[in-house]
């Protein structure tokens, strides 16, 4: 499909609307409006599409938020402002100014050029096009520096005033919505599938069954820790360099999280999606945690470091669903994020298996640390 067909396929009215919006946002130009689709999660019911838009010598990113997309199950759009997949959340983040709350500390959102409330009920966000190196190609040193900036930002801004559109209990809702393959955790045949048997480390089955058993305990811990305004979808595919700063995209889940929760998501996702080798995860995670803590201290934060460490380690519960998914899909073709191309299945299972084993260590640290901080012991530790 050509770039112009990408618009036309949605109908002439949509094409006309995009052309009119482009003129309003980008100013006078000559020639056609060209749309280049960007990789995103096509299953998510809140995302009507994401494109680089070029009009003459000007360009922007267009993201359409919708509740009219045919999506069912866990990715269905929600009208509930507290739901983790509330369809207008990202528009509200930009309207509130919170998308730029971290900018003084080197982590910012792309500039909002325009927000258009369309006649069909969709919301079009026209955003600055950031052309810096994507974090999917960063060195580990650049990831670590990003962690320091994130720490400085969250330490300085902290927990902001509650907004009616803040996602609440995001982690619990997200984890509870991921149920694919959970019945296979105790299935001997599922664990004997070649991809699973040959590429997941010894002992991982026991550790992941234990994590699943303790899931409610971990979620309770995460919800009781110090709070921070959080992005809640922080992974390398949502970050680009913008000069010396980090530009952070896709604020669709933003709201209340534990201080350290964003870092606990960013680090394993760097490996799960094959951006950082799993063999480097221990050193990478240690350096990034130290940098995040340094950023917190630089911002004047004076809290207990152990509570941050507990949040990072206990956030391993977010990936409780990953094992079941791998068991359920071990016999299928493995596709990249967005479903555009196949990836090496053996490499994916090896790297993800090593990452899950690392997360099992995080979970063990959380189980050991929590009682020392006054929290109850995990059920499996009693």
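Numbering (the working numbering), first residue to last: 106 to 487. Glycine included, C-beta positions come from ideal geometry on N, C-alpha and C.
For residue i, three-class secondary structure by DSSP
i, result
"residue 315", "helix"
"residue 429", "helix"
"residue 454", "helix"
"residue 413", "helix"
"residue 114", "Unreliable placement is indicated for residue 114, whose pLDDT of 36 sits below 50; the coordinate value is still reported in the next sentence. Three-state result, residue 114: coil."
"residue 191", "strand"
"residue 351", "strand"
"residue 222", "strand"
"residue 360", "strand"
"residue 376", "helix"
"residue 139", "strand"
"residue 168", "strand"
"residue 340", "coil"
"residue 234", "coil"
"residue 163", "strand"
"residue 213", "strand"
"residue 434", "coil"
"residue 346", "strand"
"residue 464", "helix"
"residue 459", "helix"
"residue 478", "coil"
"residue 290", "coil"
"residue 203", "helix"
"residue 381", "coil"
"residue 285", "coil"
"residue 421", "helix"
"residue 122", "helix"
"residue 483", "coil"
"residue 473", "helix"
"residue 85", "Given a span of 106 to 487 for the chain in the structure shown, any question on residue 85 remains unanswerable."
Residue interval of the alpha helix (DSSP H) (run including residue i)
i, result
"residue 276", "275 to 282"
"residue 402", "386 to 403"
"residue 322", "320 to 329"
C-alpha distance - residue i paired with residue j, whole-angstrom precision
i, j, result
"residue 305", "residue 349", "38 Å"
"residue 220", "residue 199", "9 Å"
"residue 481", "residue 475", "7 Å"
"residue 139", "residue 366", "38 Å"
"residue 154", "residue 354", "14 Å"
"residue 315", "residue 147", "32 Å"
"residue 251", "residue 414", "18 Å"
"residue 122", "residue 150", "21 Å"
"residue 114", "residue 478", "Because residue 114 carries a pLDDT of 36, less than 50, the predicted location of this residue cannot be relied on, and the following value inherits that uncertainty. So the alpha carbons of these two residues sit roughly 57 Å apart."
"residue 435", "residue 468", "25 Å"
"residue 100", "residue 442", "Any answer about residue 100 is impossible in this case: the structure gives the chain only from 106 up to 487."
"residue 419", "residue 429", "19 Å"
"residue 124", "residue 362", "39 Å"
"residue 288", "residue 218", "47 Å"
"residue 229", "residue 301", "42 Å"
"residue 274", "residue 231", "29 Å"
"residue 216", "residue 326", "35 Å"
"residue 171", "residue 152", "6 Å"
"residue 375", "residue 241", "8 Å"
"residue 432", "residue 451", "13 Å"
"residue 158", "residue 408", "44 Å"
"residue 403", "residue 249", "15 Å"
"residue 191", "residue 201", "16 Å"
"residue 500", "residue 303", "Lying outside 106 to 487, the shown extent of the chain, residue 500 is not represented and no answer is given."
"residue 211", "residue 272", "24 Å"
"residue 319", "residue 256", "28 Å"
"residue 239", "residue 267", "31 Å"
"residue 173", "residue 473", "46 Å"
"residue 344", "residue 416", "22 Å"
"residue 324", "residue 317", "11 Å"
"residue 465", "residue 209", "35 Å"
"residue 126", "residue 412", "47 Å"
"residue 426", "residue 129", "44 Å"
"residue 142", "residue 463", "35 Å"
Delimiting residues of the beta strand (DSSP E) encompassing residue i
i, result
"residue 335", "332 to 335"
"residue 295", "Taken as a continuous stretch (DSSP letters only), residue 295 belongs to no beta strand (DSSP E), being part of the alpha helix (DSSP H) at 293 to 296."
"residue 59", "With the chain running from 106 to 487 in the structure shown, residue 59 is simply not present."
"residue 301", "Careful: residue 301 lies outside any beta strand (DSSP E), inside the alpha helix (DSSP H) at 299 to 304."
"residue 490", "The requested residue 490 is not part of the displayed model; the chain covers only 106 to 487."
**Message:** Assess contact between the stretch 387 to 401 and the stretch 244 to 252, defined as three or more Cβ pairs (one per stretch) separated by less than 8 Å. Is contact present?
**Reply:** yes
**Prompt:** Touching or not, the stretch 215 to 227 and the stretch 278 to 294, by the rule of three or more beta carbon pairs under 8 Å?
**Reply:** no
**Asked** Counting Cβ pairs, one atom from each stretch, are 3 or more of them under 8 Å apart for the stretch 444 to 452 and the stretch 271 to 287?
**Response** no
**Request:** Only counting runs of 3 or more residues, tell me where the beta strand (DSSP E) segments fall wholly within the stretch 238 to 270, in order along the chain.
**Result:** Within the stretch 238 to 270, no complete beta strand (DSSP E) run reaches 3 residues.
**Asked** Given 8 Å as the limit, is there contact between the stretch 181 to 189 and the stretch 156 to 164, that is, 3 or more CB pairs closer than that?
**Response** no
**Message:** Below 8 Å, how does it come out for the stretch 303 to 321 and the stretch 393 to 404: are there three or more Cβ pairs, yes or no?
**Reply:** no
**Request:** Tell me, please, whether the stretch 128 to 135 touches the stretch 188 to 208 by the rule of three or more beta-carbon pairs shorter than 8 Å.
**Result:** Too few Cβ pairs lie closer than 8 Å, so no.
**Prompt:** Are the stretch 253 to 270 and the stretch 375 to 385 touching by the rule of at least three beta carbon pairs closer than 8 Å?
**Reply:** With fewer than three CB-CB distances shorter than 8 Å, the stretch 253 to 270 does not count as touching the stretch 375 to 385.
**Request:** Could you say if the stretch 332 to 340 and the stretch 368 to 375 meet the contact criterion of at least three C-beta pairs nearer than 8 Å?
**Result:** yes
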